[in-house]
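Taking our numbering as reference, the numbering of the sequence shown is continuous, increasing by one, and the terminal residue is 489.
Note that beta-carbon positions come from the ideal geometry of N, C-alpha and C, so glycine has one too.
Here is the structure we will look at.
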Amino acid sequence: MIEYLGLLGGVALLVWLALRGVNIVLAAILSSLLVIVTNDLPLARGITEYFSFGPLGAFTFAGKFFLLFTAGAVFGRVMGDSHAAASIALALVKRLGAHRALWITTLSCGLLTYGGVVAFVVIFAMYPLGLRLLKEADIPKRLFCAALALGAGTFTLTALPGTPSVQNVIAAVALETDLFAGGWLGLMGAAIMFGGGMWYLERQRLLAALNGEHFVPGPLDRIANAAEDDAQHPAAAVAIMPLALVLLTIMLPRLFTGVLDEATLSSAAWPFELLRFASSQPIVWPCIALALGTLLAIALFPLVRRDALVIAGNGAQDAMLPLVNTAAVIGFGGVVTHTVGFESFTRVMLDFGLPPLLSMFTSVSLVSAITGSSSGGLQIFMETMAPAYLEMGISPGALHRISIMASGGFDSLPHCGAIVAMLTITGLTHKEAYRDVGMITVVIPVFATLCVMGVVALL
31 MIEYLGLLGG VALLVWLALR GVNIVLAAIL SSLLVIVTND LPLARGITEY
81 FSFGPLGAFT FAGKFFLLFT AGAVFGRVMG DSHAAASIAL ALVKRLGAHR
131 ALWITTLSCG LLTYGGVVAF VVIFAMYPLG LRLLKEADIP KRLFCAALAL
181 GAGTFTLTAL PGTPSVQNVI AAVALETDLF AGGWLGLMGA AIMFGGGMWY
231 LERQRLLAAL NGEHFVPGPL DRIANAAEDD AQHPAAAVAI MPLALVLLTI
281 MLPRLFTGVL DEATLSSAAW PFELLRFASS QPIVWPCIAL ALGTLLAIAL
331 FPLVRRDALV IAGNGAQDAM LPLVNTAAVI GFGGVVTHTV GFESFTRVML
381 DFGLPPLLSM FTSVSLVSAI TGSSSGGLQI FMETMAPAYL EMGISPGALH
431 RISIMASGGF DSLPHCGAIV AMLTITGLTH KEAYRDVGMI TVVIPVFATL
481 CVMGVVALL
């Protein structure tokens with residue numbers, strides 16, 4: 031009995047410490063120690079293997095995905111410091127008008143994250159411009175936070191095929207698929223997430239106006255007054271080129287392998303060797319795409335060219351916090367998977383008699399909710415339970431896409447590190463903003479995933 035209480039206590043401690051604002055690395059270590067002690071796990075092995083270097087160890091994950099986090103953060107830093115990200119958003123302002131601030135925020139964040147820019151970098155890049163748009167449109171700040179979450183943390187991370195997100199890469203590595211697996215399922219889910227999210231945001235904007243809510247800046251907010259033709263902002267057509275290069279580099283091998291026959295693809299000529307390499311490297315190839323985008327951005331934008339190494343170094347530093355935080359949560363999960371309680375949970379999920387898709391959705395959702403991390407929950411699921419669902423008859427493509435989408439729902443409960451960080455950046459509290467953020471990042475993605483599952487079940 032003490033083992034089960036210890037497991038629940040460890041999860042509760044992790045959630046409580048995260049909500050209290052305690053560093054997630056420290057919270058994960060303390061929670062892991064509680065689980066180790068109460069489950070009578072060997073202390074040394076629990077710390078050095080289960081938490082650190084085992085199949086689900088923190089450093090195992092960090093080592094595997096270090097280059098992807100770094101490449102994305104460096105690319106994002108260059109796009110931000112060159113003002114290219116702001117130029118793309120300003121082009122949308124010109125096209126849609128400042129009164130469409132929520133649309134502009136969502137579309138800008140979605141375009142940037144789908145192009146490989148790290149979500150945290152997108153939020154930092156969009157925040158100053160977003161404040162100016164909010165002031166002009168007189169929209170409450172809580173809705174801006176929800177729009178950031180919709181564009182940077184939902185459909186582009188889990189649903190859209192081809193995205194170089196960590197979640198998509200985790201599934202591709204574990205299932206030996208590619209970044210486009212379950213593509214039509216992802217497009218369907220993305221449409222529901224985006225459409226449902228924008229419907230909710232626009233409805234709340236109208237209700238806020240009726241209720242007399244206005245934009246109120248925080249005490250630390252500095253509202254920018256930069257004009258669209260500011261000399262420091264590159265032209266939008268030029269600003270989008272690095273993003274386009276990243277996406278094309280990722281997509282073209284997939285397109286060619288889909289068009290060419292096997293005899294042609296097996297040729298020894300170097301273009302076909304490159305195609306085979308790109309198709310077989312779900313981590314390295316997106317990193318190469320991001321590196322090419324970074325080099326093009328440095329070549330195009332004089333603002334970052336002179337100090338390119340310094341800016342790239344700052345970008346590499348930006349990667350450390352999200353990488354270490356995610357790794358720590360996965361390390362906690364690595365400890366949890368060695369407990370009696372987790373074995374019982376796995377057995378119940380696999381033997382309870384639920385339809386395979388519903389059982390899989392429940393498993394991924396619960397693990398992601400416990401860890402407060404979609405990538406952490408997905409990695410744990412892929413290492414421990416995914417093979418069993420393949421044996422049940424779920425196709426690799428469907429398992430790839432639906433499990434990713436499922437990981438991006440209940441991960442965003444109030445203790446989620448990404449939610450806490452976003453609220454900190456925007457200067458809002460859970461009480462002020464989480465109702466809207468939770469609707470965007472939990473309720474609508476879960477609904478979208480269930481809809482996709484229903485379609486698959488009917489086919």
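According to the DSSP assignment, Arg377 belongs to the alpha helix (DSSP H) that extends over Val370 to Asp381.
A direct Cα-to-Cα measurement between Arg335 and Leu178 gives close to 29 angstroms. Here Leu44 is buried, its C-beta having at least 16 other C-beta atoms within 10 Å. DSSP, read as helix, strand or coil, puts Asp70 in coil. Non-local C-beta neighbours of Ala182 in its own chain, meaning closer than 7 angstroms and more than five positions away in sequence, comprise Cys139, Thr143, Ala149, Val152 and Ile153, ordered along the chain. Taken in chain order, the unbroken stretches of alpha helix (DSSP H) that lie wholly in the region 81-111 and span 4 residues or more are 88-111. A straight-line Cα-Cα distance of about 26 angstroms links Pro191 and Asp466. Under the DSSP assignment, Ile153 falls in the alpha helix (DSSP H) whose first and last residues are Ala149 to Ala167. Pairing Phe331 with Pro264 gives a Cβ-Cβ distance under 8 angstroms.
In the three-state reduction of the DSSP assignment, Val203 falls in the helix class, which pools H, G and I. The beta carbons of Leu275 and Leu326 sit closer together than 8 angstroms. Comparing alpha-carbon positions, the option among Phe83, Lys171 and Leu320 lying closest to Lys461 turns out to be Lys171.
Of the candidates Trp46, Cys317 and Gly51, Gly51 places its Cα closest to the Cα of Ala451. Going by C-alpha positions, Trp46 is about 39 angstroms away from Ala321.
Around the beta carbon of Ala329, fewer than 16 other beta carbons lie within 10 angstroms, which makes this residue exposed.
In the structure shown, the three-state DSSP call for Val52 is coil.
With a contact defined as Cβ atoms closer than 8 angstroms, Ile169 and Leu126 miss out at about 14 angstroms.
DSSP places Asp466 in the uninterrupted alpha helix (DSSP H) bounded by His460 to Gly468.
The residues Thr188, Gln197, Asn198, Ala201 and Leu408, in chain order, have a CB closer than 7 angstroms to that of Ile434 in the same chain once the five nearest residues on each side in sequence are set aside. In chain order, Thr68 place their CB closer than 7 angstroms to the CB of Ile32, counting only its own chain and leaving out the 5 sequence neighbours on each side. Shortest Cα-Cα distance from Arg431 to any of Val366, Ala220 and Thr367 involves Ala220. Burial check for Leu137: the Cβ neighbour count within 10 Å reaches 16 or more, so the residue is buried. Per the Cβ contact rule, the region 96-106 is in contact with the region 347-367 (3 or more Cβ pairs under 8 angstroms). DSSP places Ser425 outside both helix and strand once states are collapsed to three, so it counts as coil. In this structure, the alpha-carbon of Gly84 lies about 9 angstroms from that of Gly76.
Out of Arg284, Pro385 and Val394, the CA that lies nearest to the CA of Ile424 is found in Pro385. Its Cα nearest to that of Val365, the residue Val397 stands out among Gly383, Val397 and Phe95. According to the DSSP assignment, Glu243 belongs to no alpha helix (DSSP H), since it is labelled neither H nor E. Out of Pro417, Ala487 and Gly361, the CA that lies nearest to the CA of Gly93 is found in Gly361. The Cβ-Cβ distance between Val203 and Ile313 falls below 8 angstroms. Here the alpha carbon of Ser195 sits roughly 17 angstroms from the alpha carbon of Ser442. For Leu304, the enclosing alpha helix (DSSP H) has its first and last residue at Trp300 to Ser310.
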